[in-house]
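S.K.:
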Amino acid sequence: MAEALISVVLQQLASIIKKQVKQEVRLVVDVKKEVAKLTHNFKAIQVVLENAEERQMKEVDVRYWLDSLKDEFYEMDDVLDEWSTEILKLHIQKQEAVNAKKTFGREVKKDILVKKLLSESGHARPNFLVIPIVGMGGIGKTTLAQLAYNDESVQAHFDNRIWVCVSDPFDEIKIANAIIDVLKKGTNIQASNELQTLLEIIVECVKGKKFLLVLDDVWNDEYRKWEPFKLALQNGAVGSSILVTTRKEDVAMMMGASADTINLKELSDENCWKLFCHIALVDREISEYRTFEVIGKEIVKKCKGLPLVAKTLGGLMRHKKTRKEWEDVLKSKTWELDVVEKQVFQPLLLSYYDLASTDKCCLLYCVIFPKGYVIEKDNLIELWMSQNYLNLIGNKEKEEVGETYFDNLVTRSFFQEFDKDDLGYITRCKMHDVVHDFVQFLTKNECFVLEGEGGNKRIMEFNGENKARHLTLMFAFEGAFPISLYSCKNLRTLATFDSNISTFGRELISRLKCLRTLNLSFNSIKEVPNEVGELTHLRYFDLSYNEDLMKLPDSVCNLMNLQTLRLIWCRTLERLPEGIGKLINLQHLYVMGCFRLKLPKVIARLTSLRTLDQVRILEVDNNKEALFGLSDLRNLDQLRGSFRIEFLENLKDARQAEKAHLVNKNCLVSLELRFFFGGTDEIPLVASQEETLNALQPPPNLESFSLYHYSGTTLRPHWMTSLNKLRILTLGYFEYVEVLPPLGRLESLEVLEIQDWPSLKKVRVEFLGIETQTSSPIILFPNLKKLVFEFLPMWEEWEGMTGWSEEEDSQKTITIMPCLSSLQIGYCGLLKTLPNFLRNTPLKELVICFGCRILAQGCQKGRGGSEWPKISHIPNINVWIGPSSEFVQKDGVWIGQQQTDDDETLSVASTSSSYGTLSSRLTEAEGFLFSYLMIFHHGIWHGIYFLISAAEAFFMAFKEGRSGSEVSFEFTFVQ
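FYI, in UniProt numbering the residues of the sequence shown are 1 to 975.
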């Protein structure tokens, strides 16, 4: 790491020279000469350091020398940072005067596990079966559990599936909340710190339900902590299962599940070789495969059957292009090291040594996260930036450099379990617990985790000589920071997790002057002290989810090095300091969920902003403050990623939209516009919104666009069909529009969702993009994969190829939706038929949800189903025909009509990920009362749909002689 630190210092030195020339300022006489001298000396030291990091493992004197050198470099970095800050102050004064997952060798174990999960015989009380998967770290326990968890037959077998990462310590409150979050998904349940309250909720949620609960990475073997969960979960239906992954046999014994334990052993050399090749030799020529096969199999023997090691070595070797490089790895002295868990750490060390110095820093910094923590990629890159780890590469922005470093670590298998957004980009990941142990091993003298009373350890005391640079505080519930932190004067990172800190004061700040990164998210902080402005090195400040925080002190504007300010879901925050415009280094400002916050106009000065996740436009403030307006976006052309504009009132002058210059923000990937609901006599809403939308031309590189609450009568902005890179389009809550725009020529569009258009009666052929007859071959919606229509109560007709007969089109001049794989229709009660062209699409899935009775009847096989010939080629069909049954075709096989589990259940199914589901058991009176609440909170059409659903459910109950009884039903609504 010392080598990496020198790179950071060298970058600082170069930066100072550059700033001095650019700003025409001098701090000391002949400083340029001194900096050049230092740079020369550091480069000389860097050469010596190339092998020192490997030698420190065996040579104590080298290790001592490196530790001393790191201390010096940290101090030097602080001094250089102060130089840089002074230059910045002078400047301001001047201005103001992969990875696809594939597994090998676990097929038999997976089949055994799935068979156990699907078996319901022999279940005594409690009604669930506990299946532990036991094995050493890196053996593949979590991977096996995921294979079973995601198996299609397992998914169909259980009513609910819950995955909880437990790790150490066994935090009962956190685990209970995690279980409830899944069971109550779509409903607003307030988190609690009372275990008994949470357990009672779990009892209610699992009652009569068949569930699968995965407890991943359990270390605790104390029965007293397991027993409350055992009792709460025993009310589940027979056939429920709990899957536990653990390194300890004692855990399986404690849970009384020794008989059903799956002991995971090492992979065979053959399967290790397959896994290794899948990563190391992917996309290589056959000649290369033969060149490296013999050496590769010798390297694989060093894996000792551990999948994690095979993946890590595969990630290392995919970058090695010559036979000599492969031989060097095989003969490396690292294999001789005697370190903790050496058979895992040895290959990790090899891969670590092979990283560039900056990549090493970035990897080691991940130790600040707790085990099992879900890491947000963009947040991680901002953290790396705060520590100055991202060296500039050519003309790349630091965020782009961070992306490169992240990808490097991904290819080396240091990260896993990736989440992707709708566009397919990685957004989140985890670090394997063995990799986390490895990183802790490498940083044990610099990075520390302190645990409060809630953990298995008490908060450790630091002495005055402690060299801690990065500190993570967990389970601190006492309200204030522990006194033991006050001795950590060299801290560069202070982060809290699972804590409830309510205050931090002057004395703590006065001792932590070196802080670069301060993460106080998810606490109970109500006030930030003025002294925070003294943290001159601070680059990253996270106060997200401090819901009682009302304001920031003006002294925040003294943080001239601040790059990232995160205020997500500080819902009572009302204002930002007026001087925030002085933070010219601020690049990332997050304010999503700050419902009371009114951004000041001076935000427009922050032209370096890369991230501004949301702006809420209010032209007039009751306090007559100068607020951020739409036109103030004009100079923020560096914005990137996702951006949302929400109008809190109707825009009076559409020219403000033109001045926003959205079209110039070429780095934006996703844009969401939310218009205001109501209008006035003076400013008609329809005309105003049509003009505003026409003026808000998005940038041409946009990939995702969402538009909500539009009140115009037509949707034909001049730029709509020019978004040639658009992949996702969502159009929701359009009260007056009667005609869909011509979208068929959007050549990159993959997902189209049309939701809540109460005035739409007919989808015309113009929707396909055919506005004039043509003899030239054309492809309409050439890349559309998913099409969704929801909540269209007046929709009667979906016009096909009127005027252009497909059967007579022998020249195939028109091709429609050649990539369409999924069609979903819901709550379209008047729709009768589907267009003819659907029979020629490669649809793999058709879902017709409840509320489409006429269409559903026409889609039945036989029984006079007029629509069946259009859809019979679709392998997977799910159509709701009534309040308690559906008929399906699965994998091309007709299954027929299916009854629900409960004859009294009215299920409204929706597979659209943008919808939430509200489930309840209601009496007739309660059901109709709730309908009015739906009208009040979610708009008239949702309320009417709920009213219709409730009326139909209770009519069925009355018809069957169950009047007055409770009826259970689910109502799906747009979030």
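For every residue, glycine included, the Cβ atom is placed at its ideal position computed from N, Cα and C.
1. If you check the beta carbons only, do P835 and G865 fall under 8 Å apart?
2. Let me know the secondary structure DSSP gives E867 once reduced to three states.
3. Does the beta-carbon of W384 have 16 or more other beta-carbons within 10 angstroms, so that it is buried, or is it exposed?
4. According to DSSP, is P600 helix, strand or coil?
5. Runs of 3 residues minimum, wholly inside the region 635-703: which ones carry the beta strand (DSSP E) assignment?
6. Let me know if I770 comes out buried or exposed under the rule of 16 or more other beta-carbons within 10 Å of its beta-carbon.
7. If you follow the alpha helix (DSSP H) that K420 is part of, which residue opens it and which one closes it?
8. What does the alpha-carbon distance come out to for the pair E796 and Y425?
9. Is the Cβ-Cβ distance between F647 and F676 less than 8 Å?
10. Which partner residues does T472 have in the DSSP bridge list?
11. Helix, strand or coil: which one does DSSP assign to Q860?
12. List, from N- to C-terminal side, the alpha helix (DSSP H) runs of 4 residues or more that fit wholly inside the region 491-548.
13. To which residues does DSSP link G732 through a beta bridge?
14. Mind reading off the beta-carbon distance from L494 to L518? Whole number of angstroms is fine, and I expect it under 8 Å.
15. Just grab the DSSP bridge partners of Q889 for me.
16. Please state if the CB of F481 and the CB of F504 are separated by a distance shorter than 8 Å.
17. Does the distance from the CB of L267 to the CB of G305 come in under 8 Å?
18. What does the alpha-carbon distance come out to for the pair K185 and V203?
19. Less than 7 Å between C-beta atoms, sequence neighbours within five positions excluded: which residues of the same chain meet that for G593?
20. Have a look at L380, L355, D542, T358 and flag the residue whose alpha-carbon is nearest the alpha-carbon of C366.
21. Going by DSSP, what residues sit across from P793 in a beta bridge?
22. Distance check for L471 and G372, CA to CA, integer angstroms please.
23. In whole angstroms, what separates the C-alpha of L349 from that of V282?
24. Would L316 pass as an interface residue toward chain D - the criterion being a Cβ-Cβ separation below 8 Å?
25. Please name the residue, chosen from F522, R492, N876, K489, that lies closest to G479 on a Cα-to-Cα basis.
26. Would the region 873-882 and the region 835-847 be scored as touching if the rule is three or more Cβ pairs under 8 Å?
27. Roughly how far, in whole angstroms, is the beta-carbon of L673 from the beta-carbon of L639, given that I think they are within contact range, below 8 Å?
28. In chain order, what residues of the same chain have a beta carbon less than 7 Å from the beta carbon of residue 976, not counting five sequence neighbours either side?
29. Does the contact criterion of 3 or more C-beta pairs under 8 Å hold for the region 317-332 versus the region 288-303?
30. Could you tell me which residues DSSP pairs with R428 in its beta bridges?
31. Is it buried or exposed for P577, if we count other Cβ within 10 angstroms and need 16 for buried?
32. Going by C-alpha distance, which of V309, R318, Q346, L409 is nearest L357?
33. Answer yes or no: do E750 and L780 have a C-beta to C-beta separation smaller than 8 Å?
34. In whole angstroms, what is the alpha-carbon distance linking G140 and D637?
35. Going by C-alpha distance, which of I580, S502, T312, E547 is nearest G533?
36. For the structure I just gave you, are there three or more beta carbon pairs, one from the region 138-158 and one from the region 105-120, closer than 8 Å?
M.R.: Reading from the atomic positions:
1. No; because the gap between Cβ atoms is not below 8 Å, this pair is not in contact.
2. The DSSP-derived three-state label of E867 is coil.
3. Under this definition W384 is a buried residue.
4. P600: strand per DSSP, three-state reduction.
5. The region 635-703 contains these whole beta strand (DSSP E) runs: 641-647, 668-674.
6. Of the other Cβ atoms in all chains shown, 16 or more fall within 10 Å of the Cβ of I770; this residue is therefore buried.
7. Run containing K420: none in the alpha helix (DSSP H); it sits in the beta strand (DSSP E), 416-420.
8. The alpha-carbon separation between E796 and Y425 amounts to approximately 38 Å.
9. Cβ atoms of F647 and F676: closer than 8 Å.
10. T472 has V449, A495 as its beta-bridge partners, per DSSP.
11. Of the three classes helix, strand and coil, the one that applies to Q860 here is coil, per DSSP.
12. Runs found: 506-511.
13. Residue pairing by DSSP places G732 opposite Y708, Q755 in a beta bridge.
14. Indeed, because the Cβ distance is near 6 Å, the residues count as touching under 8 Å.
15. According to DSSP, Q889 shares a beta bridge with I877, W894.
16. By the CB criterion at 8 Å, F504 and F481 fall inside the cutoff.
17. Closer than 8 Å, so yes.
18. Cα-Cα distance, rounded: 16 Å.
19. In chain order, I568, W569, R571 place their CB closer than 7 Å to the CB of G593, counting only its own chain and leaving out the 5 sequence neighbours on each side.
20. Ranking the options by Cα distance to C366, first place goes to L380.
21. Its beta-bridge partners do not exist; DSSP assigns none.
22. One alpha carbon belongs to G372, the other to L471, and they sit about 17 Å apart.
23. When rounded, the distance between both Cα atoms is 23 Å.
24. Included in the structure is just one protein chain, with no chain D present.
25. G479 has its Cα closest to that of F522, out of F522, R492, N876, K489.
26. The answer is yes - the region 835-847 touches the region 873-882, with three or more Cβ pairs under 8 Å.
27. Wrong, their Cβ atoms sit about 14 Å apart, outside the cutoff.
28. Outside the displayed span of the chain (1 to 975) sits residue 976, for which this structure offers no information.
29. The answer is yes - the region 288-303 touches the region 317-332, with three or more Cβ pairs under 8 Å.
30. According to DSSP, R428 bridges with E376, D419.
31. Of the residues assessed, P577 falls on the buried side of the cut-off, its CB having 16 or more other CB atoms within 10 angstroms.
32. According to the sequence displayed, residue 357 carries Ser and not Leu. If we check each option's Cα against that of S357, L409 comes out closest.
33. No, Cβ-Cβ distance for E750 and L780 is not below 8 Å.
34. In this structure, the alpha-carbon of G140 lies about 46 Å from that of D637.
35. For the set I580, S502, T312, E547, the Cα lying nearest the Cα of G533 is the one of I580.
36. Result yes; three or more Cβ-Cβ pairs closer than 8 Å.
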